[in-house]
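In this note's numbering, the protein residues as written are 1 to 475. All C-beta atoms in this analysis are idealised placements derived from N, C-alpha and C, irrespective of residue type, glycine included. Predicted model, so just to flag it, every value in this text is computed and none were measured. Report on the structure given below.
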Amino acid sequence: MLNPLIFRAYDIRGIAHKPESGMPVDLTPEAAELIGQGFGTYIIRTYGKKEPEIIVGMDVRLSSPELQKGFIKGLTETGCNVTDMGESTSPLVYYAVHKYDFDGGCNITASHNPKEYNGFKLLGPKAHSICGDELQEVLKLIQNGDFEEGLGQTRTKDDIFNDYLQEVSAKIQLRRKLKVVVDAGNGIAGLFAPELLEKLGCEVIKMYCEPDGNFPNHEANPEDAENLAELAARVVSEKADLGIGFDGDGDRIGIIDELGQHYHSDKTLIPIARDLLKYTPGANIVFDIKSSKVLENDIAKNGGNPVRSKTGHSFIEKTMQDINAPLAGETSGHMFFGKTYYDWYGFDDAMFAAAVILRILADTDAPFSALFDGLPEVFNTPEIKAHCPDDKKFEHIQKITDHFDSLYDCLTTDGVFINFDKDSWGAIRCSNTTPCMTIRFEAPNKDRLNEIQEIMHEHLGNYPDIDRSWYSSSN
């Protein structure tokens, strides 16, 4: 039977290869077949189509081919017809579901998780993310063995990226030629992103664009500045205009400016939001709970309506749809573009984000760093990951939330966002993909940043399961 803990808030994710730690394997070809049967049954019963058309892609992880084979087998056993698009970024799967009107889709990926992980990002019509309660319904079907039966067919489709390439290049043109260094971290984006940027007229220098499921050079996680240190050095040495890092499945982006400085995506979103608001004043712009107040204040200053959302691509997408927001972003590097901004499809897409960022830069004669002139200086931490067992973290976060909510002005949309004062904040929430809490802080100076970290660090001492090695008073 499947481990129910792999059914997380917005996707399915677990161990597919036994790591040295000896952790049990959650995802086998047989497990993938069950997930395919559960998902196929869910699509058939939810959307009322007896032989739905499902498209399936996969990343470059070593376990992806065998999991894809098992998953497709499960789908066809329920009567679903499957289009196999082979190796693909997650956004290309989303694009295909939209573009060709598939009834559902899936990309087999674990994004930036360690190489022994894998997972399934499940989609309904219009690339609607199957998440939360819907994922639990899929799990319930699997647990009960309650499956539809049929004889679905399998076919392949290999022209999707070409259609994507033509559509993006028709929407976005660069006013001047830019020199760009691309670091794909040996993930799937290396097969596609350089070609897109060259199509836009950029001079592209490739780093780690050869797909390798062992991820031998660095973790494919552009949120972490350490992973982009080589990219930063290369940008400076090549005198490039920009460095762009991609995650393992191509839905998250990291930016390095011409000086070799790393940008979290809540900061990168600022010039994009300003650009949007020139054409759509008063627009709602969505960002996750851990995003800087500098972003929030700049959106408001430029005539937009800033909206904090629960973290996670499916939650961000739902918030966008609920309030008709044309733009959204997460600190982790997800960026979403909707119908009223570039007439795009509303899903998170790092390659499309790269094209938009390059267009904004090309419209000026200034370097990328100059786009941020005049912003207030703040001091913030990167996203801190504090280990906490999956079976304990949700219980602990409720108690932590109750504690801080009784003392400060707090937002409790996703864990707790604590306004320590008007300029200083902290946020702590449960990761939905790994056994940890994610924490972030921001303050107007280093002393205050240390003070608010100490407040959180001291309180977390009440929970022995939560790792506190991320901070000491000597910081």
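*asked:* Starting from methionine 23, trace the beta strand (DSSP E) in both directions and tell me its first and last residue.
replied: According to the DSSP assignment, methionine 23 belongs to no beta strand (DSSP E), since it is labelled neither H nor E.
_CB of lysine 278 within 8 Å of CB of threonine 413, strictly_ = If you check the CB distance, lysine 278 and threonine 413 do not come in under 8 Å.
*asked:* Applying the 10 Å Cβ sphere with the 16-neighbour rule, what's the burial state of alanine 189?
replied: Flag for alanine 189 reads buried.
*From which residue to which residue does the alpha helix (DSSP H) around isoleucine 272 run?*
Where isoleucine 272 is concerned, the enclosing alpha helix (DSSP H) stretches over 265 to 279.
_DSSP state of isoleucine 44 mapped onto helix, strand, coil_ = Isoleucine 44 falls in the helix class under three-state DSSP.
*Candidates Lys399, Lys267, Leu361, Leu407: which alpha carbon is nearest leucine 375's?*
Nearest neighbour of leucine 375 by Cα position, chosen from Lys399, Lys267, Leu361, Leu407, turns out to be Lys267.
*Is it right to say aspartate 59 is buried, meaning 16 or more other beta carbons lie within 10 angstroms of its own, or is it exposed?*
The residue is buried, with at least 16 neighbouring Cβ atoms inside 10 Å.
_Could you pull the DSSP bridge partners for histidine 262 from this structure?_
According to DSSP, which records beta bridges pairwise, histidine 262 is partnered with Ile256.
_Nonlocal neighbours in the same chain, by C-beta distance under 6 Å from alanine 350, ignoring five residues either side_ = When the five nearest sequence neighbours on each side are left out, the beta carbons in the same chain lying within less than 6 Å of the beta carbon of alanine 350 are those of Phe246, Gly250, Asp251, Arg252, Ile253, in order along the chain.
_Please classify phenylalanine 8 as buried or exposed, where buried requires at least 16 neighbouring CB atoms within 10 angstroms._
The question names phenylalanine, but residue 8 in the sequence shown is arginine. By the neighbour-count rule (16 or more Cβ atoms within 10 Å), arginine 8 is buried.
*What are the boundary residues of the alpha helix (DSSP H) that isoleucine 479 is part of?*
Absent from the model: residue 479. The displayed extent of the chain is 1 to 475, so no value can be given.
_Please give the ranges of any alpha helix (DSSP H) in the stretch 88 to 150, keeping only runs that are unbroken, at least 4 residues long and fully inside the region._
If we require 4 residues or more, the alpha helix (DSSP H) runs fully inside the stretch 88 to 150 come out as 90 to 99, 133 to 144.
*Boundaries of the alpha helix (DSSP H) in which phenylalanine 215 is found, first to last residue*: Element bounds for phenylalanine 215: n/a, residue is neither H nor E.
*Look at the Cβ atom of lysine 179, then the Cβ atom of glutamate 195, and state whether they are nearer than 8 Å.*
It is not a contact, given that the beta carbons lie outside the stated cut-off.
*Considering only the beta carbon of each residue, do isoleucine 439 and alanine 386 sit closer than 8 Å?*
A Cβ-Cβ contact shorter than 8 Å links isoleucine 439 with alanine 386.
*Distance, leucine 151 Cα to isoleucine 270 Cα*: The straight-line gap from Cα to Cα measures roughly 50 Å.
_Tell me the DSSP secondary structure of glycine 190 in three-state form._
Helix.
*With distances taken between CB atoms, is the gap from threonine 381 to phenylalanine 441 smaller than 8 Å?*
Taking a C-beta distance under 8 Å as the contact criterion, threonine 381 and phenylalanine 441 qualify as a contact pair.
*Sub-8 Å separation of cysteine 131 and tyrosine 10 beta-carbons*: Against a cut-off of 8 Å, the Cβ pair of tyrosine 10 and cysteine 131 comes out as a contact.
*asked:* Using DSSP's beta-bridge definition, name the partner residues of arginine 13.
replied: According to DSSP, which records beta bridges pairwise, arginine 13 is partnered with Gly119.
*Closest to asparagine 221 by CA distance: which of Ala184, Gln136, Ala353, Glu230 is it?*
Nearest C-alpha to asparagine 221: Ala184.
*Shortest alpha-carbon distance to glycine 346 belongs to which of Ala355, Met320, Arg359?*
Looking at the Cα atoms, Met320 is the closest of the given residues.
*Can you tell me which of Leu231, Tyr95, Glu230, Ile54 puts its alpha carbon nearest to the alpha carbon of glycine 79?*
Of Leu231, Tyr95, Glu230, Ile54, the residue nearest in Cα terms is Ile54.
*Could you give the C-beta distance for phenylalanine 478 and glutamine 37, rounded to a whole number, given that I count them as a contact under 8 Å?*
The structure shown does not extend to residue 478, since the chain is modelled only from 1 to 475, so the question has no answer here.
*Alpha carbon to alpha carbon, how far is asparagine 462 from threonine 433?*
Each residue's alpha carbon lies about 24 Å from the other.
*Can you name the start and end residues of the beta strand (DSSP E) that serine 424 belongs to?*
In the DSSP assignment, serine 424 falls within the unbroken beta strand (DSSP E) covering 424 to 430.
*Could you round the C-beta distance between alanine 16 and tyrosine 117 to whole angstroms and report it? I think they count as a contact, below 8 Å.*
Alanine 16 to tyrosine 117, Cβ: 6 Å. Contact.
*Report the rounded CA-to-CA distance for leucine 191 versus glutamate 167, giving the unit in angstroms.*
The alpha-carbon atoms of leucine 191 and glutamate 167 are separated by roughly 18 Å.
_How far does the beta strand (DSSP E) with glycine 303 in it extend, from its first residue to its last?_
Where glycine 303 is concerned, there is no enclosing beta strand (DSSP E), because DSSP gives it neither an H nor an E.
*Going straight from the alpha carbon of leucine 361 to that of arginine 176, what length do you get?*
Cα to Cα, the separation comes out at about 9 Å.
*Could you pull the start and end residues of the beta strand (DSSP E) that methionine 335 belongs to?*
Per DSSP, methionine 335 is one residue of the beta strand (DSSP E) stretching across 335 to 337.
*Report, in whole angstroms, the separation of the C-beta atoms of isoleucine 172 and arginine 359, which I expect to be a contact under 8 Å.*
Right, the Cβ-Cβ distance comes to about 5 Å (below 8 Å), so this counts as a contact.
_With distance defined between alpha-carbon atoms, name the residue in Lys446, Gly426, Asp373 nearest to histidine 459._
The shortest C-alpha separation from histidine 459 is found at Gly426.
*asked:* Just to check my reading of the structure: methionine 156 and aspartate 84 have Cβ atoms closer than 8 Å, yes? What is that Cβ distance to the nearest angstrom?
replied: The residue you asked about is not methionine; residue 156 is threonine in the sequence shown. Indeed, because the Cβ distance is near 5 Å, the residues count as touching under 8 Å.
_Using CA atoms only, rank isn't needed, just tell me which of Phe368, Glu219, Met437, Gly338 is closest to glutamate 383._
The option with the nearest alpha carbon to glutamate 383 is Met437.
_Extent of the continuous beta strand (DSSP E) to which arginine 155 belongs_ = Residues 154 to 156.
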